[in-house]
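Positions 16 to 192 (our numbering) are the ones given, in order, by the sequence shown.
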Amino acid sequence: MDQSKAFDTVPHDLITSKLNMYGADDKTVELIKDYLSNRRQTVRIASNLSTWQDIEVGIPQGSILGPLLFNIFMNDLAYVVKQSKLSAYANGTQIFYADKDLAKVQDTINNDLYHVDKWYTDNGMKTNHSKYQAIVMGKTQNKPLFRCENAVIPVTEDFDLLGVTVDNKLKFDRHIA
Numbered sequence: 016m017d018q019s020k021a022f023d024t025v026p027h028d029l030i031t032s033k034l035n036m037y038g039a040d041d042k043t044v045e046l047i048k049d050y051l052s053n054r055r056q057t058v059r060i061a062s063n064l065s066t067w068q069d070i071e072v073g074i075p076q077g078s079i080l081g082p083l084l085f086n087i088f089m090n091d092l093a094y095v096v097k098q099s100k101l102s103a104y105a106n107g108t109q110i111f112y113a114d115k116d117l118a119k120v121q122d123t124i125n126n127d128l129y130h131v132d133k134w135y136t137d138n139g140m141k142t143n144h145s146k147y148q149a150i151v152m153g154k155t156q157n158k159p160l161f162r163c164e165n166a167v168i169p170v171t172e173d174f175d176l177l178g179v180t181v182d183n184k185l186k187f188d189r190h191i192a
């Protein structure tokens, strides 16, 4: 799941309630509320300037607190992935599952995808299903059918992972090229 815009969609009230849930004291929560509140933005296109708008979601990027607050916000995503393994970082989330039974892989991934998408919705996050992709490693005659919110996720032979092209045979020919 692409999280490249994730910093922009984090609801302020939800991040502060999660801080409370994780045991932050009242002074810390108030400090973070103050840090996130009273922010405004405008947009200029050529000589046209939009009206000022209050910002009620998002974590300021380029700050020392930004990645920390985002990690705190995303922390409970790991609890909704029941059987797969989760890998999450600043601009992406992946779930992995391995089994010799392709049908079990398909069912497990689809079940965890359902829970991940529900978590995203419940937490005010937006997903970009056009960026979803799957890769199957190992020998198989069939391709599994992965679905997310009724959209079929394309199964590819390779994909880019943090600047490294990984293919389904674990060769790096495409990356090297």
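C-beta atoms are modelled at their ideal positions from N, C-alpha and C, and glycine is treated no differently.
Bear in mind that the values here come from a model prediction, so they are computed numbers and not experimental data.
Check, Outcome
"Endpoints, beta strand (DSSP E) assigned at D182", "V179 to D182"
"Range covered by the beta strand (DSSP E) that runs through G107", "G107 to F111"
"Rounded Cβ spacing between R55 and Q68 (contact assumed at less than 8 Å)", "6 Å"
"Contacting residues, own chain, Cβ-Cβ under 6 Å from T180 (five flanking each side not counted)", "D173, R189 and H190"
"Bridge-paired residues (DSSP) for Y104", "G107"
"Touching by the beta-carbon criterion (3+ pairs, under 8 Å), the region 45 to 55 and the region 71 to 87", "yes"
"Three-state secondary structure (DSSP) of E172", "coil"
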